[in-house]
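Residue 137 in this note's numbering sits at position 52 of the sequence shown; the count goes up by one each step and never skips.
Backbone N, C-alpha and C define an ideal beta-carbon position, used for all residues, glycine too.
Please read all numbers here as calculations on a predicted model, not as lab measurements.
Data block below; observations after.
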Amino acid sequence: MGKKPPLPPWIEHAAAVRKKLKERGFKPADRVQICEKCEEFAEEAWSLKGNQGMGGRDLVYCMNCGRSRSWRGQGSPRAVEEPFDLMGFLGLRA
86 MGKKPPLPPW
96 IEHAAAVRKK
106 LKERGFKPAD
116 RVQICEKCEE
126 FAEEAWSLKG
136 NQGMGGRDLV
146 YCMNCGRSRS
156 WRGQGSPRAV
166 EEPFDLMGFL
176 GLRA
């Protein structure tokens, strides 16, 4: 058998984003959803709990089009940061 063909760039990108999120302490928060922007089944929700389970950060990122949003703190109303620079936040920007 020969070598396996390389993975498409978007798969490698999604794997890198997931790895960095896990390294920062985020955990998947929900099933993959349909993105409102690109209408693809590629939007993932991630959650990070704060100290003593209070506060933290929740974020949603579309692995297809790159749309990202973030919520911080606890209680309501929680202000949404949109657009949220997820690549900068994770240090994945060149």
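- Note: Val-145 is bridge-paired with Ala-130 and Arg-154 in the DSSP secondary-structure output.
- A Cβ-Cβ separation of about 21 Å leaves Arg-157 out of contact with Arg-178 under the 8 Å criterion.
- Note: Pro-113 is bridge-paired with Trp-131 in the DSSP secondary-structure output.
- Straight across, the Cα-Cα distance linking Gln-118 with Arg-152 is about 13 Å.
- For Gly-173, the enclosing alpha helix (DSSP H) has its first and last residue at 171-175.
- Per DSSP, the beta bridge partners of Gln-118 are Glu-128.
- From the listed residues Trp-131, Leu-175, Tyr-146 and Ala-130, the smallest Cα separation to Cys-123 is found for Tyr-146.
- Here DSSP, grouped into helix, strand and coil, assigns Glu-166 to strand.
- Judged by DSSP in its simplified three-state form, Lys-105 adopts helix.
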